[in-house]
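Chemist: Pasting in a structure now, in structure tokens, and then I'll have a few things to ask.
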Amino acid sequence: MKHTILYDASKQEDVAKAARLLQQGGLVGIPTETVYGLAADALNEEACRGIFQAKGRPADNPLIVHICDIKQLYTLVREVPETALRLAEQFWPGPLTIILPKAPCIPDAVSAGLDTVAVRFPSHPAAQAIIRESGLPLAAPSANLSGRPSPTTAAHVMHDLGGKIDAVLDGGPCSVGLESTVITLAADPPRLLRPGGVTLEQLRAVLGEVILDPAVMNPLAEGAAAASPGMKYKHYAPRANVILLEGSREAFLRYVNSHRQNAGALCYAGDEAELQVPAVCCGGEGDSASQAHELFDALRRLDGLGVSTVYARCPGTSGVGLAVYNRLIRAAGFEVLKLE
Ligand code: TXA
Ligand code: MG
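Under our numbering, think of the first position of the sequence shown as 20, with each following residue one higher.
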């Protein structure tokens, strides 16, 4: 067991100490605007292997490399197409990850044997500060144990990885709350692999045609290769069996209140007063940003209800709603019940 140090991102000397750990090949949980990441020196193969070990992450699931300056992108990829520059100009720093053909300096552990690398320039000041202070591009997947909801507070990181990593830099709760949008420019036309805070509509406004990878909305067909390896693994799984109920608020309340045995609910603010089962609230109806912000904490809190089935309201799929739906449908193992 390691002693995991908790650092405070608002203290410059703490950021410097965390940066030194990274330079020495250590593992540090860092805040970003999306979710907390488990960071290591992206050019240090052994340090990156440590990330997989600490998370229990399958070796074929590649890592995102984080930068704090667009110039760093040129050192990590073979070529920067004009489309990447347009995306960077619009959405960086921010919750967008861009996949491009990788440069030879990218270790196999980072790209998991693929010929591409995923790069992101986060907007969180503490993320930028630690990248700058360390002088390194930082490989960082979400800082959860594989299969658990992504962490949106330093306490979530400590809960999952305390004792396994060197430090956590506490920068407060994450503002977006869901992982970044992932788009590949290594395919033509560009393809959205994971929806997030930057929406499909926004990407199309900049690039024109963008294909929505079928694995965003549907289970991967048996034996099919995943465009993004992360999509084939079960994700965000609470202990209870989650079922999405599609339909009106009234239909949801009626259904849940007549199926109360061992049941709980994942609902919107204001619903809980009318539910006769234990409930966890997740944002406001029709307010995708608040749902995104609260989703992972809500999924973690579902375990505390001590129920075997959780009925969840099914979110809309426009804007950031697509990202909420994508995470929730995985938590539900793609189980959706249409009411009425
Ligand atoms: O918001 C985020 O993206 C957070 C923060 C820490 O930046 N990071 C994050 O990393 O969510 P992770 O590892 O949990 O998710 C990365 C996703 C995985 O589904 C992975 O398969 C995919 O991106 N990915 C990474 N590199 C890829 C590549 N070269 N080709 C296709 N998919 C890739
Ligand atoms: Mg993850």
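The beta carbon of each residue, even a glycine, is placed where N, CA and C say it ideally should be. Small disclaimer: the values here were computed from a predicted structure and weren't measured.
Does the stretch 157-177 come within contact of the stretch 208-220, defined as at least 3 CB pairs closer than 8 Å?
Modeler: no
Chemist: Considering only heavy atoms of the ligand SAH, does any lie closer than 6 Å to the CB of R320?
Modeler: Annotation note on the ligand SAH: not contained in the displayed structure, which lists the ligand TXA and the ligand MG as its ligands.
Chemist: Nearest by alpha-carbon distance to A351: which of E359, S337, G325 and L321 is it?
Modeler: Within the sequence shown, numbered from 1, the residue matching residue 351 stands at position 332. The residue with the shortest Cα to Cα distance from A351 is L321.
Chemist: Please list, in chain order, all residues with a C-beta atom less than 7 Å from at least one heavy atom of the ligand MG.
Modeler: P160, S161, N163, S169, E198 and G249
Chemist: Beta-carbon separation of S199 and L115 under 7 Å?
Modeler: The count along the sequence shown starts at 1 and reaches residue 199 at position 180. The count along the sequence shown starts at 1 and reaches residue 115 at position 96. Yes; because the gap between Cβ atoms is below 7 Å, this pair is in contact.
Chemist: Would L314 and V299 be called neighbours here (beta carbons separated by less than 7 Å)?
Modeler: For the purposes of this step, residue 314 is taken as residue 295 along the sequence shown, with counting starting at 1. For the purposes of this step, residue 299 is taken as residue 280 along the sequence shown, with counting starting at 1. Not in contact: L314 and V299 (Cβ atoms no closer than 7 Å).
Chemist: Per DSSP, what kind of secondary structure is D290 in: helix, strand or coil?
Modeler: Stepping through the sequence shown from its first residue, residue 290 is reached at position 271. Taken through DSSP and simplified to helix, strand or coil, D290 comes out as coil.
Chemist: For P257, I'd like the list of residues in its chain whose CB is within less than 6 Å of its CB, leaving aside the five on either flank, ordered along the chain.
Modeler: Taking the sequence shown and counting its residues from 1, the one referred to as residue 257 is at position 238. For P257, where only same-chain residues beyond five positions count, the Cβ hits under 6 Å are L318, L321 and D322.
Chemist: To which residues does DSSP link V184 through a beta bridge?
Modeler: Translated into positions along the sequence shown, residue 184 becomes position 165. It should be pointed out that residue 184 corresponds to Ile in this sequence rather than to Val. Partner(s): none; I184 has no beta bridge.
Chemist: Taking the straight line between their C-alpha atoms, what separation do you get for M250 and M236?
Modeler: Translated into the one-based positions of the sequence shown, residue 250 becomes position 231. Translated into the one-based positions of the sequence shown, residue 236 becomes position 217. The straight-line gap from Cα to Cα measures roughly 10 Å.
Chemist: Nearest-angstrom Cα distance between P192 and P214?
Modeler: Translated into the one-based positions of the sequence shown, residue 192 becomes position 173. Translated into the one-based positions of the sequence shown, residue 214 becomes position 195. Spanning the two alpha carbons is a distance of roughly 21 Å.
Chemist: Tell me the rounded alpha-carbon separation between P160 and I118.
Modeler: Against the sequence shown, residue 160 aligns to sequence position 141. Against the sequence shown, residue 118 aligns to sequence position 99. In a straight line, the C-alpha of P160 is about 15 Å away from that of I118.
Chemist: Please classify H143 as buried or exposed, where buried requires at least 16 other C-beta atoms within 10 Å of its C-beta.
Modeler: Taking the first residue of the sequence shown as position 1, residue 143 is located at position 124. Looking at its Cβ environment, which holds 16 or more other Cβ atoms inside 10 Å, H143 is buried.
Chemist: Alpha helix (DSSP H) containing D316: first to last residue?
Modeler: Locating residue 316 in the sequence shown gives position 297, where the first residue counts as 1. Looking at the DSSP string, the run of the alpha helix (DSSP H) that includes D316 is S307 to L321.
Chemist: Tell me, please, whether the stretch 229-248 touches the stretch 289-303 by the rule of three or more beta-carbon pairs shorter than 8 Å.
Modeler: Taking 8 Å as the limit for Cβ pairs, the verdict is that the stretch 289-303 does not touch the stretch 229-248.
Chemist: Does DSSP put Y255 in a helix, in a strand, or in coil?
Modeler: Locating residue 255 in the sequence shown gives position 236, counting from the first residue. Here Y255 sits in coil by DSSP.
Chemist: Give the straight-line distance between the Cα atoms of G190 and V47, rounded to the nearest whole angstrom.
Modeler: One-based indexing of the sequence shown puts residue 190 at position 171. One-based indexing of the sequence shown puts residue 47 at position 28. One C-alpha to the other measures close to 13 Å.
Chemist: Excluding the 5 residues flanking N63 on each side, which residues of the same chain have their C-beta closer than 6 Å to its C-beta?
Modeler: Locating residue 63 in the sequence shown gives position 44, counting from the first residue. Excluding positions up to five away in sequence, the list reads G44.
Chemist: Given a cut-off of 7 Å, decide if V225 and R105 are closer than it, judged by their beta-carbon atoms.
Modeler: For the purposes of this step, residue 105 is taken as the residue at position 86 of the sequence shown. For the purposes of this step, residue 225 is taken as the residue at position 206 of the sequence shown. It is a contact, given that the beta carbons lie within the stated cut-off.
Chemist: Can you give me the start and stop residues for the beta strand (DSSP E) that D27 sits inside?
Modeler: Residue numbering aside, residue 27 sits at position 8 when the sequence shown is read from its first letter. Taken as a continuous stretch (DSSP letters only), the beta strand (DSSP E) holding D27 covers I24 to D27.
Chemist: For the ligand TXA, is there a heavy atom less than 6 Å away from the beta-carbon of T6?
Modeler: Nothing can be reported for residue 6, as the shown portion of the chain is limited to 20 through 359.
Chemist: Could you have a look at K36 and say whether DSSP puts it in helix, strand or coil?
Modeler: Start at 1 with the first residue of the sequence shown, and residue 36 comes out as number 17. Three-state DSSP puts K36 in a helix.
Chemist: Please confirm if A61 has its CB atom under 7 Å from at least one CB of chain C.
Modeler: Although the question refers to chain C, the structure presented lacks it and comprises just one protein chain.
Chemist: Just the Cα atoms here: how many angstroms apart are E304 and A66?
Modeler: Residue numbering aside, residue 304 sits at position 285 when the sequence shown is read from its first letter. Residue numbering aside, residue 66 sits at position 47 when the sequence shown is read from its first letter. E304 and A66: Cα-Cα distance of roughly 43 Å.
Chemist: Would you decide whether S130 is buried or exposed? Buried here means 16 or more other CB atoms lie within 10 Å of its CB.
Modeler: Taking the sequence shown and counting its residues from 1, the one referred to as residue 130 is at position 111. Burial call: buried.
Chemist: Taking Cβ positions, are P168 and I86 nearer each other than 7 Å?
Modeler: Within the sequence shown, the letter at position 149 stands for residue 168. Within the sequence shown, the letter at position 67 stands for residue 86. Against a cut-off of 7 Å, the Cβ pair of I86 and P168 comes out as no contact.
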